[in-house]
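*Asks:* Just so we're aligned: the sequence shown equals residues 5 to 444 in the working numbering. For every residue, glycine included, the Cβ atom is placed at its ideal position computed from N, Cα and C. Dumping the structure here so I can ask a few things about it.
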Amino acid sequence: MEIATFTPQTNGPGRVLFFSASVTFLVSALIGMLASLKYGVPSQHADWIAHLHMEQLRPLHLLLAITSMVMGAMAITYSILYSVVPVQRKWNQISQWIGAITIIAFALAASILILRGEASGREYAPWPIAVSPLLLISVGLGLAILASHYSELYSLSPEGTVLLSIGSLLTFTGFIEVHSYLLPSVYNNGVKDLTSQWHGIDTFVAGINVMLYAGMIILLQQRPKPLRKKLMFIIAGFGLLGTFGHHHYVSPQPGFLKIFAFLASMVALLSFLRHIHSLAQEAKLKNDARHPLMSLMLTAETWTIVAVGSGILFAIPQINFYIHGTYIIIAHAMGSMIGINYIIIVAAGMVFCGTKQSDSAFSTRWALRILNAGLVLFWVGLTIPSIIKGNSRTHESFQAYATKVESWFVVFPIAGLLLVSAIFVLSSELAWISIGKSKN
5 MEIATFTPQT
15 NGPGRVLFFS
25 ASVTFLVSAL
35 IGMLASLKYG
45 VPSQHADWIA
55 HLHMEQLRPL
65 HLLLAITSMV
75 MGAMAITYSI
85 LYSVVPVQRK
95 WNQISQWIGA
105 ITIIAFALAA
115 SILILRGEAS
125 GREYAPWPIA
135 VSPLLLISVG
145 LGLAILASHY
155 SELYSLSPEG
165 TVLLSIGSLL
175 TFTGFIEVHS
185 YLLPSVYNNG
195 VKDLTSQWHG
205 IDTFVAGINV
215 MLYAGMIILL
225 QQRPKPLRKK
235 LMFIIAGFGL
245 LGTFGHHHYV
255 SPQPGFLKIF
265 AFLASMVALL
275 SFLRHIHSLA
285 QEAKLKNDAR
295 HPLMSLMLTA
305 ETWTIVAVGS
315 GILFAIPQIN
325 FYIHGTYIII
335 AHAMGSMIGI
345 NYIIIVAAGM
355 VFCGTKQSDS
365 AFSTRWALRI
375 LNAGLVLFWV
385 GLTIPSIIKG
395 NSRTHESFQA
405 YATKVESWFV
415 VFPIAGLLLV
425 SAIFVLSSEL
435 AWISIGKSKN
């Protein structure tokens, strides 16, 4: 596994975005840690915990986590463009700075408003609507910049460029769809509101995931990969855009959407098998250690298998009936964001910002071990109470099973402490490298 046919480097906006992504995700993790104390530590043991308010912690945690992923995806895109086309048009350079500044402004303004109690109240778009144009401008400019250099990128990596373009477009359109509730015809119809909300956020997150995946294809491939057959893109698009429905099988949405969503989710079996094969190949190369970030990539690949495999299981109606609305969904979402997306951003940032030996760094190796341990504990600790809740709620009242479930909440702060510790180390390294410093 070798770096592709260009010299990885980044520019000012790319460094600013890598730095911002590392800091933003760390702050999100710290807020998540506070929220875990609210769940896992009885307030009578620490009076100050009673003053933590979930109506502020939850939306702030979600806002910063999502924003950091967008920052990372944009940083990778800017860095790829700069690596391939070091001398860019003046408007491209200005647009990249505007894109970086607007998304940082979005994160800061939305955070301040949420702390003041001005959240939107939407479950997965908690920021006030007034600041949404800032993120829309940032993502839109990134899409325009990518389009202006499409031919140069395509000659380097046809597959990576097409996927990067699709991801950018999905991120942009998904963000718009998240706000479809502003239309009276949607807001006044509970089924339409729920359906568009889930589909919008799924499309938005899917776009970010595709951008990160495409960025790593361009960065890590040994030689340009030819474009895959159109049928493969059709199958992938079907899987990307159709899986939202299994989130609310029990809602009164049309039955054909539920069937469509189930079939789309089962398409992920192909991805699941491919990632297992990929992990086996990468594991063989680990001893060779030709790529300086092999451990980071192995970690991301491992948690990708967990995420895809659990997603397939959760989409089976008979299983979904028991697990939907339980804590295992949190493990699935957070495990994917931390174990896959965050790790990809850290790895890409270290390469583009110039580090050479991150994989052999003592702190990075131990941070990954702690992170993996925290994610395993997080998954196990949330799976057991989810099974208890999912099974008990079919025949017991909430009061009857609540104590058995809540006794497992102690796992939240323990796993949270491990995760925050690891994220602190990795984010610190990325932030330090992104401002032009290196330990090597």
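(1) Per the contact definition of three or more C-beta pairs closer than 8 angstroms, is the region 109-122 in contact with the region 160-173?
(2) Could you have a look at L21 and say whether DSSP puts it in helix, strand or coil?
(3) When the Cα atoms are used, what is the spatial distance from S367 to S425?
(4) Does the beta-carbon of T407 have 16 or more other beta-carbons within 10 angstroms, so that it is buried, or is it exposed?
(5) Counting C-beta neighbours from all protein chains within 10 Å, is the total for I437 16 or more, i.e. buried, or is it exposed?
(6) Tell me the residue span of the alpha helix (DSSP H) that contains Y338.
(7) Could you give the DSSP three-state label for G329: helix, strand or coil?
(8) Measuring alpha carbon to alpha carbon, tell me which of W412, R397, I374 and Q403 ends up nearest G385.
(9) Assign T14 to one of three DSSP states: helix, strand, or coil.
(10) Can you name, in chain order, every residue of its own chain whose Cβ lies under 8 angstroms from the Cβ of T11, other than the five neighbours on each side?
(11) Can you list, in chain order, the residues of its chain whose CB lies under 6 angstroms from that of T308, leaving out five sequence neighbours each side?
(12) Nearest-angstrom Cα distance between A272 and V214?
(13) Taking L67 and P17 to be in contact with their CB atoms under 8 angstroms, please state how far apart those CB atoms are, rounded to whole angstroms.
(14) Pick from A79, Y43 and V380: whose alpha carbon is nearest that of M58?
(15) Straight-line CA distance for T14 to S269?
(16) Can you give me the start and stop residues for the alpha helix (DSSP H) that E305 sits inside?
(17) Going by the CB atoms, is the gap between L297 and L375 shorter than 9 angstroms?
(18) Return the Cβ separation of S32 and S72 in integer angstroms, given the expectation that the two are a contact with Cβ distance under 8 angstroms.
(19) Among Y253, M220 and V380, which has the Cα closest to the Cα of M301?
(20) Out of S115, L117, Y128 and G76, point me to the one whose CA is closest to G103's CA.
(21) How big is the Cα-Cα spacing for V310 and A337?
(22) According to DSSP, simplified to helix, strand and coil, what is L173?
(23) By a C-beta neighbour count over all protein chains shown, 10 Å radius and 16 as the cutoff for buried, is G378 buried or exposed?
(24) For the alpha helix (DSSP H) that E59 lies in, which residues bound it at each end?
(25) With burial defined as no fewer than 16 other Cβ atoms inside 10 Å of the residue's Cβ, what is the status of G36: buried or exposed?
(26) The alpha helix (DSSP H) that contains G211, what's its start and end?
*Replies:* Per the coordinate set shown:
(1) no
(2) Stepping through the sequence shown from its first residue, residue 21 is reached at position 17. Three-state result, L21: helix.
(3) Working through the sequence shown from its first residue, we reach residue 367 at position 363. Working through the sequence shown from its first residue, we reach residue 425 at position 421. If you take the alpha carbons of S367 and S425, they lie about 11 angstroms apart.
(4) Sequence index remark: in the sequence shown, residue 407 carries index 403 (1-based). By the neighbour-count rule (16 or more Cβ atoms within 10 Å), T407 is not buried but exposed.
(5) Translated into positions along the sequence shown, residue 437 becomes position 433. Here I437 is buried, its C-beta having at least 16 other C-beta atoms within 10 Å.
(6) Position 334 of the sequence shown holds residue 338. Per the sequence presented here, residue 338 reads as Met, with Tyr not at that position. Its alpha helix (DSSP H) spans residues I332 to S340.
(7) Stepping through the sequence shown from its first residue, residue 329 is reached at position 325. Correct three-state label for G329: coil.
(8) Position 381 of the sequence shown, counting from 1, holds the residue named residue 385. Among W412, R397, I374 and Q403, the Cα nearest to that of G385 belongs to W412.
(9) Indexing the sequence shown from 1 puts residue 14 at position 10. T14 falls in the coil class under three-state DSSP.
(10) Here the question's residue 11 lines up with position 7 in the sequence shown. Excluding positions up to five away in sequence, the list reads S87.
(11) Position 304 of the sequence shown, counted from the first residue, corresponds to residue 308. The residues are H279 and I344.
(12) Mapped onto the sequence shown, residue 272 falls at position 268. Mapped onto the sequence shown, residue 214 falls at position 210. The alpha-carbon atoms of A272 and V214 are separated by roughly 14 angstroms.
(13) Counting from one through the sequence shown, the residue named residue 67 turns up at place 63. Counting from one through the sequence shown, the residue named residue 17 turns up at place 13. The pair is not a contact, with the Cβ atoms about 22 angstroms apart (cut-off 8 angstroms).
(14) For the purposes of this step, residue 58 is taken as the residue at position 54 of the sequence shown. Comparing Cα-Cα distances from M58 to each of A79, Y43 and V380, the minimum goes to Y43.
(15) Stepping through the sequence shown from its first residue, residue 14 is reached at position 10. Stepping through the sequence shown from its first residue, residue 269 is reached at position 265. Answer to the nearest angstrom: the Cα atoms are 36 angstroms apart.
(16) By 1-based counting over the sequence shown, the position of residue 305 is 301. Looking at the DSSP string, the run of the alpha helix (DSSP H) that includes E305 is M298 to F318.
(17) Here residue 375 corresponds to residue number 371 of the sequence shown, with the count starting at 1. Here residue 297 corresponds to residue number 293 of the sequence shown, with the count starting at 1. Not closer than 9 angstroms, so no.
(18) On the sequence shown, position 28 is the one that residue 32 refers to. On the sequence shown, position 68 is the one that residue 72 refers to. S32 to S72, Cβ: 6 angstroms. Contact.
(19) Numbered from its first residue, the sequence shown carries residue 301 at position 297. Of the candidates Y253, M220 and V380, the one whose C-alpha sits nearest the C-alpha of M301 is M220.
(20) Here the question's residue 103 lines up with position 99 in the sequence shown. For the options S115, L117, Y128 and G76, the alpha carbon positioned closest to that of G103 is the one of G76.
(21) On the sequence shown, residue 310 is found 306 positions in, with the first residue counted as 1. On the sequence shown, residue 337 is found 333 positions in, with the first residue counted as 1. CA-to-CA, the gap between V310 and A337 works out to about 11 angstroms.
(22) By one-based count along the sequence shown, residue 173 stands at place 169. Helix at L173.
(23) Position 374 of the sequence shown holds residue 378. Looking at its Cβ environment, which holds 16 or more other Cβ atoms inside 10 Å, G378 is buried.
(24) For the purposes of this step, residue 59 is identified with residue 55 of the sequence shown, where counting begins at 1. Start and end: M58 to V88.
(25) Locating residue 36 in the sequence shown gives position 32, where the first residue counts as 1. With 16 or more Cβ atoms within 10 Å of its Cβ, G36 is classed as buried.
(26) Position 207 of the sequence shown, counted from the start, is the residue given in the question as residue 211. That run of the alpha helix (DSSP H) goes G194 to L224.
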